[in-house]
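Q:
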Amino acid sequence: MGLYGRFVVPRLINFAMKQSMLRERRAALVPRAKGTVLEVGIGSGLNLPYYSHEVERLYGVDPSPQLLAMARSNARKAQLAVELVCESAERLPFADASFDCAIMTWTLCSIPHAGRALREVHRVLKPGGELFFAEHGLAPDARVAAWQRRLTPLWRPLAGGCHLDRPIDELIRAAGFEIAEVQNRYLKGPKPFTYMYEGSARA
Numbered sequence: 635m636g637l638y639g640r641f642v643v644p645r646l647i648n649f650a651m652k653q654s655m656l657r658e659r660r661a662a663l664v665p666r667a668k669g670t671v672l673e674v675g676i677g678s679g680l681n682l683p684y685y686s687h688e689v690e691r692l693y694g695v696d697p698s699p700q701l702l703a704m705a706r707s708n709a710r711k712a713q714l715a716v717e718l719v720c721e722s723a724e725r726l727p728f729a730d731a732s733f734d735c736a737i738m739t740w741t742l743c744s745i746p747h748a749g750r751a752l753r754e755v756h757r758v759l760k761p762g763g764e765l766f767f768a769e770h771g772l773a774p775d776a777r778v779a780a781w782q783r784r785l786t787p788l789w790r791p792l793a794g795g796c797h798l799d800r801p802i803d804e805l806i807r808a809a810g811f812e813i814a815e816v817q818n819r820y821l822k823g824p825k826p827f828t829y830m831y832e833g834s835a836r837a
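Per our numbering, numbering of the sequence shown is gapless, rising by one per residue and ending at 837.
1) Please classify Cys720 as buried or exposed, where buried requires at least 16 neighbouring CB atoms within 10 angstroms.
2) Enumerate in chain order the residues of its own chain whose CB-to-CB distance from Arg666 is below 7 Å, with the five nearest sequence positions on each side excluded.
3) Arg750 CB to nearest chain C CB: under 8 Å?
4) Please return the same chain residues whose Cβ sits closer than 7 Å to the Cβ of Cys617, not counting the five positions on each side in sequence.
5) What does the alpha-carbon distance come out to for the pair Arg753 and Lys822?
6) The beta strand (DSSP E) spanning Val671 covers which residue range?
7) Please report how far the alpha carbon of Asn681 lies from the alpha carbon of Val664, in whole angstroms.
8) Taking the alpha carbon of His770 as the point to measure from, which residue in Gly762, Gly763, Ala779 has its own alpha carbon closest?
9) Relative to the C-alpha of Leu718, which candidate in Glu832, Val758, Arg706 has its C-alpha closest?
10) I want to know whether the region 804-818 touches the region 828-837 - three or more CB-CB distances under 8 Å.
11) Answer with buried or exposed for Leu792, where buried requires no fewer than 16 other C-beta atoms within 10 angstroms of its C-beta.
12) Between the region 673-693 and the region 727-746, do at least 3 Cβ pairs fall closer than 8 Å?
13) What residue range does the alpha helix (DSSP H) around Leu701 cover?
14) Measure the alpha-carbon distance for Ala715 versus Tyr693 and round it to whole angstroms.
15) So, are the CB atoms of Val695 and Leu726 less than 8 Å apart?
16) Between the alpha carbons of Ile802 and His747, how many angstroms are there, rounded?
17) Have a look at the DSSP bridge pairing and note the partners of Asn681.
18) I need the DSSP call for Ala835, collapsed to helix, strand or coil.
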């Protein structure tokens with residue numbers, strides 16, 4: 635990974651993820667987690683202020699040391715105890731059936747092998763454990779989807795590996811989850827970048 639990927643991309647991601655419309659989605663989703671919780675792709679820790687007191691233990695995984703350094707700072711500000719692990723989501727360093735819940739927000743777009751990562755999340759969740767997700771991905775509108783496929787090869791190297799055209803619900807089901815609920819919508823902004831999948835799934 636070059637200097638751009640190591641030092642510029644983490645700051646760009648942190649800046650982009652601070653948008654007010656994304657904060658609203660975090661505030662609606664993250665407080666639902668409880669028990670022993672794993673956040674996959676914790677990034678700079680922007681979800682940390684939204685966890686409830688029902689969380690007993692919190693672990694955060696991210697492959698970027700630079701983003702994890704920001705997460706440590708945000709954890710101190712939120713006065714929240716979290717164990718941060720520098721590792722890929724495709725090889726989670728946890729035993730089977732370790733967690734009650736998992737959180738993934740704007741993460742699946744940038745994992746090289748998203749299906750493998752979701753299978754790992756399924757493995758470490760307890761039977762019946764919940765995955766809460768807020769992800770952008772493939773739009774149902776043919777014209778928008780065509781633009782997503784055109785733009786992804788150009789966008790991916792600029793945005794930390796982000797894919798615009800992943801069918802999030804299909805990936806979650808293929809990993810063995812049962813989707814309990816999913817809401818789809820466009821957020822404000824260019825449609826190829828803003829089609830959302832938000833909801834929960836059971837292991």
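We put the beta carbon where it would ideally sit given N, CA and C, even for glycine.
A: Based on what the coordinates show:
1) Under this definition Cys720 is an exposed residue.
2) Beyond the five residues adjoining it in sequence on each side, Arg666 comes within less than 7 Å, by CB distance, of Phe766 in the same chain, given in chain order.
3) You won't find chain C in this structure, because it holds only one protein chain.
4) Since the displayed the chain opens at 635 and closes at 837, residue 617 lies outside it and no answer follows.
5) Looking at the two C-alpha atoms, the distance is approximately 31 Å.
6) Its beta strand (DSSP E) spans residues 669-674.
7) Going from the Cα of Asn681 to the Cα of Val664 covers about 7 Å.
8) Residue Ala779 is the option with its Cα nearest to His770.
9) Of all alpha-carbon atoms in Glu832, Val758, Arg706, the one lying nearest the alpha-carbon of Leu718 is that of Arg706.
10) With a cut-off of 8 Å, the region 828-837 and the region 804-818 count as touching, because enough Cβ pairs lie within range.
11) Classification for Leu792: exposed.
12) The region 673-693 is in contact with the region 727-746.
13) First-last of the alpha helix (DSSP H) with Leu701: 699-712.
14) Straight across, the Cα-Cα distance linking Ala715 with Tyr693 is about 9 Å.
15) The answer is yes: Cβ separation under 8 Å.
16) One Cα belongs to Ile802, the other to His747, and the distance between them is close to 13 Å.
17) In the DSSP output, where bridge partners are listed per residue, Asn681 has none listed.
18) Looking at Ala835 - three-state DSSP - the assignment turns out to be strand.
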